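See structure below.
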Amino acid sequence: MSAAARPIAAALVALAAALAAAAPATAGPASAEARARAETAFCDGRLDDLDAALGTGTTPADLEPLVLRDRWWRVRPDAPRPTLAPDDTSLSARRIRWCLDRSGRGDTPYPMPSDGEVDVYPRLTLLVLDRLRRETRGAEGLPEASPLWDAKDEALQYVWRWYGERAYRGPSLASLSPDDRAATEAAQARFEAVVARNRLLAVGGVLGFVLAVGAVGVVLRPRRKIAPAPTDL
Amino acid sequence: MNGSPVRPAPPRGVGDVLAAACAGAAALVVEIAVVRAVAPWFGQGPYVWANAVGVTLLALALGAAVGGRWAARDPDGRALPWATSAAALWLASAASLVAPLAAWLVPVDVAADRPLPLSLWASLVATVVVLGPPVVVLGAVPPVLVARARGEAGRAAGRLSAAGTLGALLGCAATGPWLVPSVGSRGALAVGGVLAAVVALGTARPVRSRGRGHANAVADARCRAPVATLVLPAIAGLLVTVLEFTAFRALTPAVGGTNATFAASIAAVMAATALGAWWGGGSPAGAADRRRLRYALVAGFVVLPLSVRLATATAGSVGAFPAALLGFGPALFAAGAIGPVSVRLRILAGDSAGRAAGAVLAASTAASLAGCYLTPLVLLPELGVRWTCLVTMAAGLAATGWLRWLRGVRTPAAGELDGDAPEGAAADVAVAGGPGGSPRTGPRVLVAGCILVACVVAVVTRRGPLRHDEGQVDELESAYQTVRSVETREVVPVTLPGRHPLFGGEREVRTRFLRFDEDATSYQSVALPDDAATLLTAGRYYDHLALGAWFDGMPWTRPQGTLRVLVVGYCGGTLHRTLRATAPAGRRVEVVGVELDPAVTALARRHLGPFPEGLELYEGRDAREVLDRLPDDRAFDLVLVDAYQRTQYVPFQLATVEFFRAVRDRLARHGAVAINLNAPDGVSGALLDAVAASLAKAFGGRDDVWLVPNLQYTTNAVVWGTLRGGAPRLAADVPAALLVPAFTFERFLVRSTRAGIVLTDDRAPVEQLADEALLPVKGIR
């Protein structure tokens, strides 16, 4: 871009930003698609993308991922405190209260859907349950013992299984591609062969060394014996 | 055999004492030099050191035994210059051959970053080949010198033993800190050759046979000396070695694990032993010997546990050498006296001076060989310092029981123990040099002189790098390790907007590493010269440690404030750069860095770039010592421990409850401590559990210790400890560059719940715990 064009471009960007800011937000529940997009962003660790997806939502279900993110998953001290209707006992409302009241550090279990209730964010539920488990019970039984092991969402399950195996058990041959596995096994065979060679050399070398010095000792044995001096020892 | 005309005897005392000192020094110099020379392939693990020390002691013991026989045939030591010249030549040649031999035994492409199963055996091969023959010769020197010494044999044994020990002290103290950095490990091997050549020159003028006193006249007698005269030196040799290892271990937490501490503790041990040998040699012969020895042993060993306790308590204020002398000196003094006394007792029982010295030295050195494996691999890891001292005390006191077998010892007749006979007395023993042959000094001096020159040339010869890796920019041998600066182009994972952080893309980048000793693909410091601002270290553990600055409550999560960090193991400054690169604009990072090896920081400045501002660097210091000496009001938001010694091993003193307590006392209210650990099996393994358990204990026994794996570089894991209680939480505005570490932290962190050994200053078997993962020959499942 030429130097002359830069101020024009900057002005256009500023204008576009101002128009975007001035546009009235569309209040109301977020769409199912927006919620799914937000849930995916959460699962992918792109937590900043949640605002773009759910920023205009007003219902507890729309606020749930944001409150979860800002009050429990990560900490944003300046995050606005959502107001809930006192009589709202929906799953999202219960979860928001859980996040606000307990900060996730108590013994209160994470609210789960009761009969007939729909969990709008089933993948987030798994993430929370998994994190609670890891933070209380440690690596015991992982990765299989995590709720993410059997997650229905393929991506979520894949990430957990692939990385969980390595994270909690170390690398395994089973997780390698056939080519990598063959290369690893060949390298291992060579490694073991050199270990065996070195072991043989070490045992032979030390024994040979001791025998050689012993032979010198034999060569140096005294030539002539004379009577010992008398002692009263 | 006819006696030769009597002429004034050449002055033997000073020359032979110097030769004994040079022989002692040479053995230690080459022992240390060979480990350093093979370290780029073998590493410097406990097994490698134990094998090198073991082979050296084996060779010295065999040499002493052979030397005893040699002395019986050649009490004037006429063949000594030839043998020591050959040893010198061997060492000078070995200086050029040791690196190719090591590379053949442990090929880098086979061993990769886990050479231990290979080097466990290879270190035996290399040390036998490089050191075996010359050290046998060096081990034979003292008995021959005792045999040709003038004056009373026990006194001569004491004097020469003290000289040899002091020489060994100098060799030990000088090789690591000074010799290797100055002339390289191969040059140091050649210095061993120089010392052997000096022994050859010093003994080139043979003692003219003018008759032998009783001590040598019985050279061929069938010795009837009680077995106690061998058992006692053996016990002494064992205990001296045990205490030598224990002294360094005991003092390290108080004064740090630096070369200075090592040298000071070894110096104190050897000085006390040498003093004991001198005293033992000078004590009155006969029954008085036994009495004095018993008093010394009882007094020295009874106080051992208490004196060691006192020494560790005061080491921080009085220094390592006085503390080691105070703690271990009395016992070592008593143990050092046993050798010369035993030599004298054996002569009284009918042995010759040379053979007696050889037998006693061989017994003592062979037992030391057992001690060099027993102490670092069994006693200290299993029992700890306190119990090792108690066991040593018991063994020392038990040794006095053997003294009763010497009850029948008589007081020798005048001149009975002398190496010289009255003037004019006829020699009555066959001498290897021929019947009274006139000693010809010239050829010996000429050959020894030529070899000395060759060895000096070998010392000063400039060789290429010890090990040359692809892309290697520089290499230096520091007082602690070999450090290589290597530049490569590597493909690293990068995150892409809108994509899963672990499934972004890849980019080829230019990367510079600092690699130590056996590092093949692993590294101790890293820099991405062209991409550091955006990629940091491309997801390596430094990025994960830097995440701690974004824990809830840290200065970065507040409107203002400076981040105060203690980096233990500053190395090339990678952590500091990463913290600086992820700091909010206009905010300051103050780092107190501690780096044991000043050569590492010097090389890093040259090849990884200057260190960021805001650094208070303590070079050549141990973190324990620095923490103790910082002002009381000095607090840190973050303490990052990335300290390794001998490449693979966490320094034990930086993994104990006592260290973590010292760290806890320096942490701000919201502070956190993180330790980077090798984790070949993910967030499991005995070492990881032990460090986590020790951290938890130091932090009040709470379970606020957390383990975080690394998903991209799977052989590292981070142990986090926090003071606030509960699992740590990241702040909302973690920078984008830390996206992957943040994802890993939130999705894979686990509470540490497995029981592990609690590591203490007294007992911290970190090497053994690390070796559990490194030793198995089988690779990944």
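Line order of the protein sequences matches chains A and B.
With this note's numbering, the residue at position 4 of the first sequence is -9, and numbering never jumps.
Position in the second sequence (first residue = 1) + 17 = this note's numbering.
Note that beta-carbon positions come from the ideal geometry of N, C-alpha and C, so glycine has one too.
Treat the numbers as computed from the prediction; the structure is a model and nothing was measured.
(1) Can you tell me where the beta strand (DSSP E) holding B:S282 begins and where it ends?
(2) Contact between the stretch 484 to 498 of chain B and the stretch 725 to 739 of chain B: three or more CB pairs below 8 angstroms?
(3) Just to confirm before moving on: does the CB-CB distance between B:G85 and B:A376 stay below 8 angstroms?
(4) Closest to B:P134 by CA distance: which of B:T458, B:P117, B:L343, B:P63 is it?
(5) State whether the stretch 190 to 206 of chain B contacts the stretch 401 to 412 of chain B, with contact taken as three or more CB pairs (one from each stretch) at a distance under 8 angstroms.
(6) At a Cβ threshold of 8 angstroms, is A:V181 touching chain B?
(7) How about B:A621 and B:A465: are their beta carbons less than 8 angstroms apart?
(8) Would you mind sorting B:Q577 into buried or exposed? The rule is 16 or more other CB atoms within 10 Å of its CB.
(9) Inspect the beta-carbon positions of B:T673 and B:L776 and report whether they are closer than 8 angstroms.
(10) Which residues in chain B have a C-beta closer than 9 angstroms to the C-beta of A:L55? List them in chain order.
(11) Looking at B:L519 and B:A563, is the spacing between their C-beta atoms short of 8 angstroms?
(12) From A:D166, A:R68, A:R110, pick the residue whose C-alpha is nearest to that of A:D31; which is it?
(13) Run through DSSP, which three-state label would B:F59 get?
(14) Is it right to say B:C1 is buried, meaning 16 or more other beta carbons lie within 10 angstroms of its own, or is it exposed?
(15) Give the interface partners of A:A154 over in chain B, defined as CB-CB distance under 7 angstroms, in chain order.
(16) From this set, B:W567, B:V606, B:V609, which residue's C-alpha is nearest B:A759's C-alpha?
(17) Between the Cα of A:S101 and those of A:R82, A:R63, A:R56, A:R168, spot the shortest distance and give me the residue it belongs to.
(18) At 8 angstroms on the CB atoms, spell out the chain B contacts of A:E20, in chain order.
(19) A:D167 versus chain B: which residues are under 7 angstroms apart at the beta carbon?
(20) Count the C-beta pairs between the stretch 352 to 362 of chain B and the stretch 248 to 261 of chain B that are closer than 8 angstroms, then say yes if the count reaches three, no if not.
(21) For the stretch 60 to 80 of chain B against the stretch 379 to 391 of chain B, do three or more pairs of beta-carbon atoms, one drawn from each stretch, fall closer than 8 angstroms, so that the two count as touching?
(22) So which of B:A103, B:Q665, B:A679, B:D659 has the shortest CA-CA distance to B:V644?
(23) With B:D33 and B:A166 assumed to form a contact (beta carbons below 8 angstroms), what rounded beta-carbon distance in angstroms separates them?
(24) For A:L41 and B:F653, I'd like the C-alpha separation in whole angstroms.
(25) Among the candidates B:A374, B:R309, B:A288, whose CA atom is the shortest distance from the CA of B:F345?
(26) Can you tell which of B:M571, B:L183, B:T263, B:S542 has the C-alpha that lies nearest to the C-alpha of B:L394?
(27) Would you verify that the beta carbon of A:A189 is, or is not, closer than 8 angstroms to some beta carbon of chain E?
(28) Any beta carbon of chain B sitting closer than 8 angstroms to that of A:G204?
(29) State yes or no: is the beta carbon of A:L207 nearer than 8 angstroms to at least one beta carbon in chain B?
(30) Quick one: what's B:W419 bridged to in DSSP?
(31) Whose C-beta lies closer than 6 angstroms to the C-beta of B:N276 among residues of the same chain, with five residues either side of it excluded?
(32) For a quick check, are the C-beta atoms of B:H624 and B:R529 less than 8 angstroms apart?
(33) List the residues of chain A whose Cβ lies closer than 7 angstroms to the Cβ of B:G149, in chain order.
(34) Would you report the Cα separation of A:R84 and A:D94, rounded to the nearest angstrom?
(35) Out of B:R575, B:L45, B:V508, B:G171, which has the shortest C-alpha to C-alpha gap to B:P151?
(36) So the candidates are B:G274, B:W723, B:D126, B:G204; which of them puts its Cα closest to the Cα of B:V7?
So, to answer that:
(1) As a working note, residue 282 of chain B is residue 265 in the second sequence. Counting along the chain, B:S282 falls outside any beta strand (DSSP E), though it belongs to the alpha helix (DSSP H) covering 276 to 299.
(2) The stretch 484 to 498 of chain B vs the stretch 725 to 739 of chain B: no contact.
(3) Taking the first residue of the second sequence as position 1, residue 85 of chain B is located at position 68. Taking the first residue of the second sequence as position 1, residue 376 of chain B is located at position 359. The answer is yes: Cβ separation under 8 angstroms.
(4) Here residue 134 of chain B corresponds to residue number 117 of the second sequence, with the count starting at 1. Distance from the Cα of B:P134 is smallest, within the candidate group B:T458, B:P117, B:L343, B:P63, for B:P63.
(5) Judged by Cβ distances under 8 angstroms, the stretch 190 to 206 of chain B makes no contact with the stretch 401 to 412 of chain B, as fewer than three pairs qualify.
(6) Here residue 181 of chain A refers to the residue found at position 194 when the first sequence is read from its first residue. Chain B, which has a Cβ nearer than 8 angstroms to the Cβ of A:V181, makes this yes.
(7) Position 604 of the second sequence, counting from 1, holds the residue named residue 621 of chain B. Position 448 of the second sequence, counting from 1, holds the residue named residue 465 of chain B. Their beta carbons are not under 8 angstroms apart, which means B:A621 does not touch B:A465 by this criterion.
(8) Within the second sequence, numbered from 1, the residue matching residue 577 of chain B stands at position 560. The residue is exposed, with fewer than 16 neighbouring Cβ atoms inside 10 Å.
(9) The residue labelled residue 673 of chain B in the question sits at position 656 within the second sequence. The residue labelled residue 776 of chain B in the question sits at position 759 within the second sequence. A Cβ-Cβ contact shorter than 8 angstroms links B:T673 with B:L776.
(10) On the first sequence, position 68 is the one that residue 55 of chain A refers to. Under the 9 angstroms cutoff, chain B gives no residues; its nearest Cβ is about 12 angstroms from A:L55.
(11) The sequence position of residue 563 of chain B within the second sequence is 546, counting from 1. The sequence position of residue 519 of chain B within the second sequence is 502, counting from 1. No, Cβ-Cβ distance for B:A563 and B:L519 is not below 8 angstroms.
(12) Here residue 31 of chain A refers to the residue found at position 44 of the first sequence. Relative to A:D31, the option among A:D166, A:R68, A:R110 whose CA is nearest is A:R110.
(13) The residue labelled residue 59 of chain B in the question sits at position 42 within the second sequence. Correct three-state label for B:F59: helix.
(14) Because chain B is modelled from 18 through 798, residue 1 of chain B falls outside the range shown and cannot be assessed.
(15) The count along the first sequence starts at 1 and reaches residue 154 of chain A at position 167. A:A154 reaches chain B at G699, V700, P726, L728, F765, counting residues in chain order whose Cβ is nearer than 7 angstroms.
(16) For the purposes of this step, residue 759 of chain B is identified with residue 742 of the second sequence, where counting begins at 1. For the residues B:W567, B:V606, B:V609, the minimum Cα distance to B:A759 belongs to B:W567.
(17) In the first sequence, the residue the question calls residue 101 of chain A occupies position 114. For the options A:R82, A:R63, A:R56, A:R168, the alpha carbon positioned closest to that of A:S101 is the one of A:R82.
(18) By one-based count along the first sequence, residue 20 of chain A stands at place 33. The contacting residues do not exist; A:E20 stays about 16 angstroms from chain B at best.
(19) Residue mapping note: residue 167 of chain A aligns to position 180 of the first sequence, counting from 1. Those do not exist, as A:D167 stays about 11 angstroms from chain B at its closest Cβ, beyond 7 angstroms.
(20) Segment contact: the stretch 352 to 362 of chain B against the stretch 248 to 261 of chain B, three or more CB-CB distances shorter than 8 angstroms; contact assigned.
(21) Segments in contact, yes.
(22) Locating residue 644 of chain B in the second sequence gives position 627, counting from the first residue. Per the sequence shown, the amino acid found at residue 644 of chain B is Leu instead of Val. Among B:A103, B:Q665, B:A679, B:D659, the Cα nearest to that of B:L644 belongs to B:A679.
(23) For the purposes of this step, residue 33 of chain B is taken as the residue at position 16 of the second sequence. For the purposes of this step, residue 166 of chain B is taken as the residue at position 149 of the second sequence. Correct: roughly 6 angstroms between the Cβ atoms.
(24) Taking the first sequence and counting its residues from 1, the one referred to as residue 41 of chain A is at position 54. Taking the second sequence and counting its residues from 1, the one referred to as residue 653 of chain B is at position 636. Distance between the alpha carbons of A:L41 and B:F653: 39 angstroms.
(25) Numbered from 1 along the second sequence, position 328 holds the residue referred to as residue 345 of chain B. For B:F345, the nearest C-alpha among the options comes from B:A288.
(26) Here residue 394 of chain B is taken as the residue at index 377 of the second sequence, counted from 1. Here the closest residue by C-alpha is B:T263.
(27) No chain E appears in the structure shown, which is made up of the protein chains A and B.
(28) In the first sequence, residue 204 of chain A corresponds to position 217, counting from 1. At least one chain B Cβ lies under 8 angstroms of A:G204.
(29) Mapped onto the first sequence, residue 207 of chain A falls at position 220. Output row for A:L207: interface = yes.
(30) Your numbering for residue 419 of chain B matches position 402 in the second sequence. For B:W419, DSSP records no beta bridge to any residue.
(31) Along the second sequence, read from residue 1 onward, the residue named residue 276 of chain B stands at position 259. So the list reads G193, P194, A496, once near-sequence residues are dropped.
(32) Working through the second sequence from its first residue, we reach residue 624 of chain B at position 607. Working through the second sequence from its first residue, we reach residue 529 of chain B at position 512. Yes, Cβ-Cβ distance for B:H624 and B:R529 is below 8 angstroms.
(33) Taking the first residue of the second sequence as 1, we reach residue 149 of chain B at position 132. In chain order: F196.
(34) Taking the first residue of the first sequence as position 1, residue 84 of chain A is located at position 97. Taking the first residue of the first sequence as position 1, residue 94 of chain A is located at position 107. If you draw a straight line from the Cα of A:R84 to the Cα of A:D94, it comes to about 14 angstroms.
(35) On the second sequence, residue 151 of chain B is found 134 positions in, with the first residue counted as 1. Comparing Cα-Cα distances from B:P151 to each of B:R575, B:L45, B:V508, B:G171, the minimum goes to B:L45.
(36) Nothing about residue 7 of chain B can be reported from this structure: the residues present for chain B run from 18 to 798 only.
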